[in-house]
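The structure appears right after this line, and notes come after that.
Residue numbers (this note's numbering), protein chains in the order written: chain A, 1 to 948; chain B, 1001 to 1948.
Put into structure tokens, the structure is as follows:
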């Protein structure tokens, strides 16, 4: 368990697809990353070895300008969603869910029923196709010629900047093999081309009014072999479907709407599937009827049909819609599931068997280095290096504060580098990043005050704690105790995370306020005023200087100072000149308190604001991601810049000038006993037991999260090997007096996120598909080597003001607190029921029960806080066990169904969008559905609870 | 033109319905305030004298528990939108747009086609109704009895906490007139009852599976006279429709969905209209078919049918859907339109004829006082009083700064009270609130520096400016020049508003930074250090005190101070004790600079945050509205509290201790010449001309906005009378040396908003209907009398620190700047096209043209800023005319169509909702439609441009 690394809160949403259907993994292993179930991103089915229908790009060419200037113009396109050409604005609309009028579908149906349907048409070129399509009895030869010329006319696509150029109107028939209908340059250069996966096919709908036709002309063609039909489509793709909908002039936008209906039909995965296999008109109409059976209808009086619905975040599974044949085709995929996916199918309460397995990592070892040879790893190293250094600085500064300098920034850098690099080389899951974490910091602070209370020599005592912890952890490894993690539910984790976050917030504010004691504010009535610089001289009489106190101010009013050699030089200058600063005001430094407060607030709010940049509309996504990922680095830089600009004597980070321990007078090796009696080395087992609970929790929950099935890790996990490494490193760091390290959830997730492999091809409105993680040891290793080298950054680090670090500290606490579902439930307490977001939780659990659950959590938190404030604070890891007990007791208060929603299920995605008017305005992604099985997800420890 | 009053930015959205169809006003005068065209809020049609069909409340009772424990349970209800009972959570869902599956509609159609249809059924009670409905041949007598008993069983409503109590199962037949089927207490106490207007009727759909039926049983009943059917419905309303859909068990939720389909049909205004007039089954089915013709269809693959769509902000006009008979019925309303509405029908470019009319207000005068006798007026007075006082304090403080005390807070209070009260008594539009406004403040500042540059006696010079302005204004009144306002388009107004806002922001920050010169920050190397308190004595030698300068610091190092009687008392104490503070540090007050900065930032951000509370989900709407309306008052209070808590000597608001002009030594009457040469009184005509332009703009644009047709003012406007009043008051205030006053847009709008009359009855999901404004003179008068009495607040006002006022000043500038469409277009420059909000503007104008327009505005703004920074700044009202010229020239650059979207149309409602993930997530209110005529609105000056 660790507090969130600033700036990385968003990763869980993007990197951890949450909504995994519990029972539907066979055909659809990763619906959370986008509308993949039926979409073009057939990566997963390819991986499973099942051939899938190619993706279809559909384009609507409309015939405009009757009667004077007939021309074809592309007015819409579909892959998953609809894009409409805004003719006046000259741009494609944002992708949106297409809406249709029911009559247009019905008209289309009757037009197709009476029209020409060619399935497996052998045409090899547009010319052949046009000839076949116009072979209709109702057309006179003259009309047929006109129509053919019209159909061969080159359509205008939006990309074409040149005007209409009907270059084919006069071409004479060519041979079928003739390759002069090669795609135009624009078609190949179309940026959409790169978004479509290889093998994609095109479908074209031609629709419009043609005055010289006496009756409507409908044709639907499926080409036997897809062929590039010249510049018919915007993108040079081989065409599979061709649909012609022409007719005499009629009122309204009849043919436009019919064309859209045909395009929407073709873009429907189910219709596509059927029509690819249709053998006659009847099959085609049956597919259309099946589509109609499934449509959603919005009543006219309550819905403006021209409104555009944005693509939902995730789509409902199409599995139910599959006809039996299709299901059979998909069926064989099931046995070929990867073991990770297979493992996952044990239902919501089963835990991953990684917890039982010990890692077998040797066969992967060479590839762990070879797989890192990719440019992406370079940027990952930079990003994680900066995050690690920020962590090392922040925790180093805080540890130095907490332990009175027994540890400091130098130890933090050194320990991070040594422990991290060693872990990356040895561990079972080398993607894990070791770091100081919040709980351990809190415990270390308590341990230090404990040892101070008993006048112990801290480092030797700590060494024994470390030895005991390592021993306990090795016992845990030997007994394969990682399976115990399953007893910790979200209730426990949230309570713990909330406590740690509150301690962070409390400490940050407390330390900031402490500065105002060190640098007091001079109030008008204050008497600590004035300072003289006195030089040694005959008249100087030191005993005359009386420190004024507010109580007896009148006594000094007419005091004879009797100074001879004195000046009004500032104290530092005075000392430099050989004088002595004298006076009650010599020790007060004005302005520092408020300036520190400004720095504190600035770095806090700046980091918070940068974090929000990620979801703003401004700047390209690369810039946004950069700003938000590096929010804490940038906030520290801003704080340092402000401080340097004004040049005030704010308290700065203490950095040793040379490579030696921060605590003066100790060597690198901690002596095993120091000044402590020998029996303290045995007594240390008690706090070690508490620490072991912490370490175990922190380490194992992180490991479970990192090895979640949705990350599709190929090389397996190594739960016990990792815990073993942590235990060994614990020994090492204790012996050297370095901080203790465990796996840090958020920074490790950030590491994995920066190594994501994603499909580049994705349709407009679709999210990129997640392919896997570059699993290797090299990035982590390089990061820690760089961190080690950064020890020599000391001359730079000493410019960092402490208030800035306190601000970052506060930011970390607030960010961690705001990321847990518990916080959202507390917020519900303040919201009138009417304005509450439409959370699934609230659809299934009565509000009073939700509030009761929240209130119990709040009460537990209050109790924890009280215990934490007493001298018994050091036992706080035991509180964890108490929380587990409370959670067990809750099973008598709440029904299993309620606990499922309140405690078991993964938190839903945030759906509370700030409204614009007085009325609440919900977003409604497709996942916002009570029946969607996407919402049910097996219980696993979640990253939200972590405190970095 | 005036800057926005803090905290009142939201009013324009709520109080000023923007989307008025230009040509469809006949049947539908106010579609902007909610889905009124067809909804239950038939106030406007009642006003127009056209009887309208009553509102229908529809309830779905489902038969659950077959076969053991049959019971009826209400599972859904509809008025405008659907509310679903969340059975598990025990709460009603938020109202949402109902979605249906097409097959359920088709099944319903065939069930009704084969079933029993009773139109104008004479039943007088549930019993009679049940008897009639069960009179079906297919039922055996035994089954009929069972069915009747079942139908008489009392349904469970969510409100009922008691369980099922089939109290009617055993009742024997009663007479039709028997009144024992009285509604239950729960039915009458249902809170929904108050939301429905009087005359509302109920429709009930009973649906479910009944195993003992051999075939489906469908019945549709329209009662001849609506009658309360016992506790059948949740609310005790007379029932008009009754629909029974029962049948043998089938797979899925067939009957539930059919029941929903029937309910949605009944809730459709068009279907309702038809079915109320249907005379046979054929009519009923035709109405259903007409409904099907109009539905919107969402494809199954791209839309999760269980997602809930929130009610759109405004609905499309149902006018096109009306059959001809209905249109005829609605037709006669047209001639009965009020004159204000009639006036509005001249198309998008006509201006309101108020501009030509002079006010005839005398007949309304008595009612102007009697109409104020309502409780609402009390809270309006409180609210507007606080806003006025805040304005008076802020502008008073700033005017004092700007004119070196020639005017101050006292003048501001006195002038506001006198001018405001006089205006409220005399003016044509007494809802207007007079106030100091941004442009006049800026001009006054420029005028002051001008007169200082020429060493003029300011107040006499200003008097002559006022005399000339009054003269010019009276000329404008005499020539009825108000019609000129039409030449100012949004381009001009936005440019001007942006300039004023930027000046506000620049000045606020500048004044704040100036404080750091007054209270310098003591840097470590600074030599302005030290201060002694010297008492008159023999050894004291004043000439020895040399003010240290950084340059020759070494000279004073070993200076012999030779002090005998001295102490280190703080300067104020020292002076009190009879000594003299001596030393370079005596005048520096530490900590003030940073503390002032903190106060400045705190009040700014606190006010901004409070403003945003209005649209948050927390707290009941009353609290939110209060917090956001009083944001500036609360921010000032917070600042004062912080300041008082720390007790530092921050610069405070200068308030005179007695009732006399702030400038020492002047009487209340300004002498007409003072020390100025006589010819300056003539030369004053030149700046007066400039000021007249400002005053004219500011006053008339506000007047046009306040008298907009959508506020439905009954008592008419008084454009010229108002300008006349302003001119006369100008004379008065100039003669007394008080600030100048014109109508303040935002505070006047806030005044009107606090006097809105709204319909209390509104259906779930519907917004309250706007009925009108309480037009009277009393609230304004009381506000200004109270403001006058507040002159005696001086002992309190002197605790307000100036940095707090600067913060509010900054807030006003930022709020005004962020409210104009220009700012949104500037933001577009920074957004990648992909992430831009789906604004209508962008659908119709190419992005490059939008950017070009924005760039031209930016260039104009830059030019204005440069002119403003030169000594010629005082001519800035002339820039307005320059902007008009630029706007004219733009007509050669942009097409009329583009200018229509960029400059003419009312700004669309903000639709840019911060997205949650990486992908942009648009809200899609129903108004987001390119074809909806709701979006086209006649050009009128908009309030966004105003600077309070």
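Beta carbons: idealized from backbone N, C-alpha and C, even for Gly. All figures in this text were calculated on a predicted structure; none of them were measured in a lab.
- Three or more beta-carbon pairs drawn from the region 442-460 of chain A and the region 394-402 of chain A are found closer than 8 Å, and the two stretches are therefore classed as touching.
- Under the three-state reduction of DSSP output, residue 824 of chain A falls in the helix class.
- In this structure residue 1280 of chain B is exposed. Its beta-carbon is surrounded by fewer than 16 other beta-carbon atoms within 10 angstroms.
- Around the Cβ of residue 1576 of chain B, a 10 Å sphere holds fewer than 16 other Cβ atoms; the residue is exposed.
- Shown here, residue 195 of chain A sits in a helix according to DSSP, grouped into three states.
- Classified as exposed, residue 517 of chain A has fewer than 16 neighbouring CB atoms from the shown chains inside 10 Å of its CB.
- In the three-state scheme derived from DSSP, where H, G and I count as helix and E and B as strand, residue 1094 of chain B is classed as coil.
- Across the structure, residue 1056 of chain B and residue 1107 of chain B are spaced so that their CA atoms are roughly 24 Å apart.
- The C-beta of residue 1303 of chain B comes closer than 8 Å to at least one C-beta of chain A.
- Judged by DSSP in its simplified three-state form, residue 621 of chain A adopts helix.
- In the structure shown, residue 1104 of chain B falls within a helical segment according to DSSP collapsed to helix, strand and coil.
- If you draw a straight line from the Cα of residue 1674 of chain B to the Cα of residue 1454 of chain B, it comes to about 14 Å.
- In this structure, DSSP gives residue 1743 of chain B an extended state, which the three-state scheme calls strand.
- Residue pairing for residue 222 of chain A: DSSP places it in a beta bridge opposite A:119 and A:241.
- C-alpha of residue 1901 of chain B to C-alpha of residue 618 of chain A: approximately 23 Å in a straight line.
- For residue 773 of chain A, the enclosing beta strand (DSSP E) stretches over residues 770-773.
- Using a Cβ-Cβ distance cut-off of 8 Å, the region 417-436 of chain A and the region 642-656 of chain A are not in contact, since fewer than three pairs of beta carbons, one from each stretch, lie closer than that value.
- For residue 368 of chain A, same chain residues with a beta-carbon under 6 Å away, outside a window of 5 residues either side, are 776 and 777 in chain order.
- Not a single CB atom of chain B sits nearer than 8 Å to the CB of residue 286 of chain A.
- Counting every other CB atom within 10 Å of its CB across the protein chains shown gives residue 1514 of chain B a total below 16, marking it as exposed.
- For residue 99 of chain A, the chain B residues whose C-beta falls within less than 8 Å of its own C-beta are 1296, 1297 and 1298, listed in chain order.
- The three-state secondary structure of residue 460 of chain A, taken from DSSP, is helix.
- Distance from the CA atom of residue 284 of chain A to the CA atom of residue 768 of chain A, rounded to whole angstroms, is 32 Å.
- Contacts with chain A (Cβ-Cβ distance below 8 Å) from the region 1843-1864 of chain B involve 1843, 1844, 1845, 1846 and 1847, listed in chain order.
- Under a 10 Å Cβ-count criterion, residue 61 of chain A is classified as buried, with 16 or more other Cβ atoms of the shown protein chains found around its own Cβ.
- Going by DSSP, residue 483 of chain A is part of no alpha helix (DSSP H) at all; its letter is neither H nor E.
- Counting of Cβ neighbours within 10 angstroms places residue 1201 of chain B among the buried residues, the total reaching 16 or more.
- Inclusion of residue 1804 of chain B and residue 1603 of chain B in the CB contact set at 8 Å is warranted, their separation being smaller than that value.
- For residue 270 of chain A, the neighbours in chain B by C-beta distance under 8 Å run, in chain order, 1300 and 1301.
- Only those residues of the region 1081-1105 of chain B whose C-beta falls short of 8 Å from the nearest C-beta of chain A are listed: 1081, 1086, 1088, 1089, 1090, 1091, 1093, 1094, 1097, 1098, 1099, 1100, 1101, 1102, 1103 and 1105.
- Taking a cut-off of 8 Å on C-beta distances, the region 1478-1498 of chain B touches the region 1714-1731 of chain B, as three or more cross pairs fall below it.
- DSSP, reduced to helix, strand and coil, places residue 75 of chain A within a strand of the structure shown.
- In its chain, beyond the 5 residues on either side, no residue has a beta carbon closer than 7 Å to the beta carbon of residue 622 of chain A.
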